[in-house]
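With mature numbering (1 follows the signal peptide of the UniProt record, and there is no 0) applied, the sequence shown corresponds to residues -38 to -1, 1 to 527, in that order.
By construction, the Cβ of each residue, glycine as well, lies at the ideal position given by its N, Cα and C atoms.
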Amino acid sequence: MQTTTTTTSSSRTSSNILFFILLHLFLLLTCHRNLASAAGGKWNLLMSNIGISAMHMQLLNNDRVVMYDRTDFGMSNISLHDGKCRYDQNDTTLKVDCSAHSVEYNVANNSIRPLMVQTDVWCSSGSVFPDGSLVQTGGFNDGDKVVRVFKPCNTSNNATTSCDWQEIQGGLIQRRWYATNHILPDGTQIVIGGRRAFNYEFYPKTVSANRAYSLPFLVQTNDPKIENNLYPFVFLNVDGNLFIFANNRAILFDYTKNVVVKNYPEVPGGDPRSYPSTGSAVLLPLKNLQAQEIQAEVLVCGGAPKGSFISAENGNFLGALNTCGRITITDPNPQWTMETMPLARTMGDMVILPNGNVLIINGAATGTAGWECGRDPVLEPVIYRPDNSFDSRFEIQNASTIPRMYHSTSVLLRDGRVLVGGSNPHTYYNFTKVFFPTELSLEAFSPSYLDSGSEYLRPRIISPASQYTIRYGQLVSIRFNVSGWVNRNLVTVTMVAPGFNTHSFTMNQRLLVLANENVKLVGEKAYQINVVTPNSVKLAPPGYYLFFVVHQDIPSEGIWVKIIQ
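Next up, the structure:
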């Protein structure tokens, strides 16, 4: 009798264990399905008409966003101040144009101020100098060798001349159209590639660096019919060399010696990822900055299959790629790991959020970049969580109602929202009788970390104040408060370099997770965390960054800091 009872009890126990194992597996699968299909985030229309189509976009350290399209689109929907006009005999559309093709957006009061560019900025590139000035390089026609500088100031919206573009004729050695810029550890900029420009140069010029330097990699990755190596993806590696990706492969490049340090393998499948196939790429968050060896990873997502551009020009729109390639660029033997996105996408933007997740936004499901070459807009953004397990990194977000196709843009704002604008797949401004009219609106996407339900977990930085100056390897004490209970083990500080966004790539975008000590309670609902800033210009080139305190994946509003040597 006792034996029978024991056997029955043992069987029951085994059945219970089996039941809970099956239940656990079911919940895991359900969670995975929900993660892929879940929706989050909110959209807000900020302005229905900013006057231009935001083809290029950069957040500056005064919380203004500079945007511009091109001077030969025709007359825009916003006039220059005080009856000013641009007189340009080289312009292919209007010799006299009294409308603006660049604007400054004031985030705080949701207003627009027209700016004046003299030469054509179409498909140009840029990055921010350590002093906070936006340096924009190249363009089309009479603008292809011009450098333009915009210095941020707190000009009121009715001021006209004290804060505007300054143009430097002949600032570049080589004509630059579809090039990529990156800030370097010494605070200068490198300008790489461009249409039929298989070389690079520096700005500003010096006696020792006053020419263009050949880069054979750009010849090797060039398809003469399609030029699938424009707007190459460029990132500063932790060793000071540059990771350069074009078409379907990449190199690690020592620009100081003009030497290729490492050749990376081709992305599996061999399909092109850079313009006009136009995927996007990010350098994933840099962590463990005090370690002897720091790991750096690059994520490249989306694009279009081989032959898509020519096919689209003939009216056949091939499906976009639904894969991402992830590679640890610091590994001795780096290899690509492929992941599948829930939504195929070309012409998408990738924005690093303050909590280290990546937002994939904008773009199309078929076709490529180029005039009238895209179809089937992808209205739903996707969140990519790089620290999650392999099968649970993507999460679909709530959809916008506005297609953002060719020439759309997006940048992170200090309050954690993502500013979204642009979209014009036409040779000129075109608002009628086309699939995707020229888009003049401006939206903000608020990730779910901004939901009101998370307010009690959201940190608010008390000190230091914004515009704080820091040095390399410095211990910085940050005080913050949280209205709810704080999990002190889940507090981090991130340091974000806002980037220059155009054509689905954000140049100079970078996030660092700072080393920190334990969080201490220093008052009622007030806490202090001590962090150590990066100890090398190779990790964080000098200039302006945003500091965020992140609690349980929910970031504070950022503060501006300037790191100097």
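| Query | Result |
| --- | --- |
| When burial is assigned at 16 or more other CB atoms within 10 Å of the CB, is Glu405 buried or exposed? | buried |
| Which class does Gly149 belong to by DSSP, given the choice of helix, strand or coil? | coil |
| What did DSSP end up calling His43 once you bin it into helix, strand or coil? | helix |
| Kindly provide the ranges of any beta strand (DSSP E) runs that are 3 or more residues long and lie completely inside the segment 150 to 225, ordered along the chain. | 151 to 154, 161 to 165, 195 to 198, 204 to 208, 211 to 216, 221 to 225 |
| Would you report the Cα separation of Asn119 and Leu246, rounded to the nearest angstrom? | Its pLDDT being 49, under 50, Asn119 is placed unreliably by the model, and nothing is read from it. |
| Are Val438 and Thr495 closer than 8 Å when you measure CB to CB? | yes |
| Return helix, strand or coil for residue 533, following the three-state DSSP convention. | This structure cannot settle anything about residue 533, because the visible part of the chain is limited to -38 through 527. |
| For the beta strand (DSSP E) holding Phe510, just list the boundary residues, first then last. | 505 to 513 |
| Per the contact definition of three or more C-beta pairs closer than 8 Å, is the segment 427 to 435 in contact with the segment 504 to 524? | yes |
| Which ranges does the beta strand (DSSP E) cover as unbroken runs of at least 3 residues, wholly within the segment 359 to 418, from first to last along the chain? | 370 to 374, 380 to 384, 404 to 408 |
| Rounded to whole angstroms, what is the Cα-Cα separation between Leu474 and Phe509? | 10 Å |
| Pull up the CB-CB distance for Ile358 and Glu342, whole angstroms please, since I reckon it's below 8 Å. | 5 Å |
| According to DSSP, what are the bridge partners of Phe356? | Tyr346 |
| Can you tell which of Arg110, Gln136, Tyr140, Pro147 has the C-alpha that lies nearest to the C-alpha of Ile130? | Arg110 |
| Does the Cβ of Ala266 have 16 or more other Cβ atoms within 10 Å, making it buried, or fewer, making it exposed? | buried |
| If you measure between the beta carbons of Leu374 and Leu315, is that distance less than 8 Å? | yes |
| Which word fits Leu(-11), buried or exposed, when buried means at least 16 other C-beta atoms lie within 10 angstroms of its C-beta? | Note that Leu(-11) scores a pLDDT of 37, beneath 50, so its modelled location is shaky and nothing firm can be said. |
| Check whether the Cβ atoms of Asn470 and Arg450 lie closer than 8 Å to each other. | no |
| Would you say Asp344 and Ala326 are within 8 Å of each other, going by their C-beta atoms? | Checking the displayed sequence, the identity of residue 344 turns out to be Val instead of Asp. Contact flag unset, no. |
| With a threshold of 16 other CB atoms inside 10 Å of the CB of Asn350, please say whether the residue is buried or exposed. | exposed |
| Taking the beta carbon of Pro230 as the centre, do at least 16 other beta carbons fall within 10 Å, making it buried, or is it exposed? | exposed |
| Can you tell me which of the three DSSP states Gly3 falls into? | coil |
| For Thr454, which of helix, strand or coil comes out of DSSP? | strand |
| Out of Asp59, Asp93, Pro92, Glu66, state which residue places its alpha-carbon closest to the alpha-carbon of Gln80. | Asp59 |
| Measuring only the C-alpha atoms, how far is Arg173 from Ala159? | 13 Å |
| From what residue to what residue does the alpha helix (DSSP H) around Ile291 run? | Counting along the chain, Ile291 falls outside any alpha helix (DSSP H), and DSSP gives it neither H nor E. |
| Give the DSSP-derived three-state secondary structure of Gly269 in the structure shown. | coil |
| Quick test of your reading: Val458 and Ser372, contact by CB under 8 Å. State the CB separation rounded to the nearest angstrom. | Not quite, the Cβ-Cβ distance comes to about 14 Å (not below 8 Å), so this is no contact. |
| Return the CA-CA distance between Phe207 and Trp333, expressed in angstroms with no decimal places. | 24 Å |
| Give me the DSSP bridge partner(s) of Val244. | Leu261 |
| Taking 8 Å as the threshold, find out whether the segment 149 to 158 comes into contact with the segment 218 to 236 through three or more Cβ pairs. | no |
| Helix, strand or coil for Ala331 per DSSP? | coil |
| Are the segment 288 to 305 and the segment 265 to 280 in contact at 8 Å, needing three or more beta carbon pairs? | no |
| Please return the same chain residues whose Cβ sits closer than 6 Å to the Cβ of Val493, not counting the five positions on each side in sequence. | Val438, Val455, Leu476, Asn478 |
| Under 8 Å, with one C-beta from each stretch per pair, do the segment 47 to 57 and the segment 416 to 425 reach the 3-pair mark? | no |
| Looking only at its chain, what residues have a beta carbon closer than 6 Å to the beta carbon of Met9, apart from the 5 residues adjacent to it on each side? | Leu404 |
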